[in-house]
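A.B. asks:
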Amino acid sequence: MSDRPAFGANIVTNTLDRELKQARVIFVLIGLTNIVVSLLAWNTLSDQLQQYEKLGLMTEAKIPDAVRIFVMIGVGIGAVYLVCAALVYKKPIPTTITGLAIYAVFTLLQLVVDPSSVLSIFGIGLRAAMIIALVSAVRFAFLYERNRAAALPAARALLPKS
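Position 139 of the sequence shown, counted from 1, bears residue number 150 in the numbering used here, the numbering being contiguous throughout.
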């Protein structure tokens with residue numbers, strides 16, 4: 012195999028850059044969605060407990076520890092996706108694989124905990140689109156790395172020798 016980038020490698024690299032930008036956007040959207048949904052669930056539960064206290068149905072209502080843990084996990088996973096978004100250009104392959112793996116694992120966990128949210132028509136469609144996007148991001152990360160590795164020797168050859 013030649014050390015030179017393949018014919019049209021610059022066009023391909025520009026396309027792959029665009030795909031990595033899309034992966035970054037996907038990671039940011041998933042991360043922010045996880046954080047916002049987790050915090051909204053926390054806030055909604057707190058409001059409901061306060062209403063129950065006002066109605067006299069409960070005294071000294073506290074959010075269960077399990078719910079606190081789930082909220083913290085949701086916020087933490089959201090933060091991991093934001094870190095993946097920040098690192099997608101520096102380490103595209105490990106970052107995209109990590110993002111896909113986390114998404115798949117937590118989708119399976121959600122399927123176990125609350126199947127109705129995953130198995131709804133909207134849930135299936137959204138998750139299928141996200142998995143397709145993340146799988147394509149992994150594929151493009153591999154192509155991006157291959158083209159970047161092929162372009163380095165050619166770029167070094169163009170540099171003036173000191």
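Cβ coordinates follow ideal geometry from the N, Cα and C atoms, glycine included.
Everything numeric in this text was worked out from a predicted model, so none of it was measured.
1. Within this structure, are the beta carbons of residue 35 and residue 99 separated by less than 8 Å?
2. When you compare the stretch 126 to 139 with the stretch 28 to 46, are there three or more beta-carbon pairs, one atom per stretch, that lie closer than 8 Å?
3. With a threshold of 7 Å on Cβ separation, who are the neighbours of residue 88 within its own chain once the five nearest residues in sequence on each side are excluded?
4. What whole-angstrom Cβ distance do residue 107 and residue 148 have, given they're in contact under 8 Å?
5. May I ask you to report which of helix, strand or coil DSSP gives residue 125?
6. Could you give the DSSP three-state label for residue 100: helix, strand or coil?
7. To the nearest angstrom, how far is it from the Cα of residue 95 to the Cα of residue 30?
8. DSSP three-state label for residue 156, please.
9. Who are the near neighbours of residue 12 in its chain, counting only those whose CB is closer than 7 Å to its CB and skipping five residues on each side?
10. By a C-beta neighbour count over all protein chains shown, 10 Å radius and 16 as the cutoff for buried, is residue 155 buried or exposed?
11. For residue 82, is the classification buried or exposed, using 16 other Cβ atoms within 10 angstroms of its Cβ as the cut-off for buried?
12. Identify which residue in 51, 40, 90, 153 has its Cα closest to the Cα of residue 101.
13. Measuring straight from C-alpha to C-alpha, what distance separates residue 159 and residue 28?
14. If distances are taken between C-alpha atoms only, which option among 60, 50, 84 comes closest to residue 120?
15. Where does residue 68 fall in DSSP's three states?
C.D. replies: To lay it out plainly:
1. yes
2. Contact between the stretch 126 to 139 and the stretch 28 to 46 is absent, because fewer than three Cβ pairs lie under 8 Å.
3. 45, 113, 117
4. At roughly 5 Å, the Cβ-Cβ gap stays under 8 Å, so residue 107 and residue 148 are in contact.
5. coil
6. coil
7. 15 Å
8. helix
9. Its pLDDT being 49, under 50, residue 12 is placed unreliably by the model, and the measurement read from it follows with that caveat. Excluding positions up to five away in sequence, the list is empty.
10. buried
11. buried
12. The option with the nearest alpha carbon to residue 101 is 153.
13. 11 Å
14. 84
15. coil
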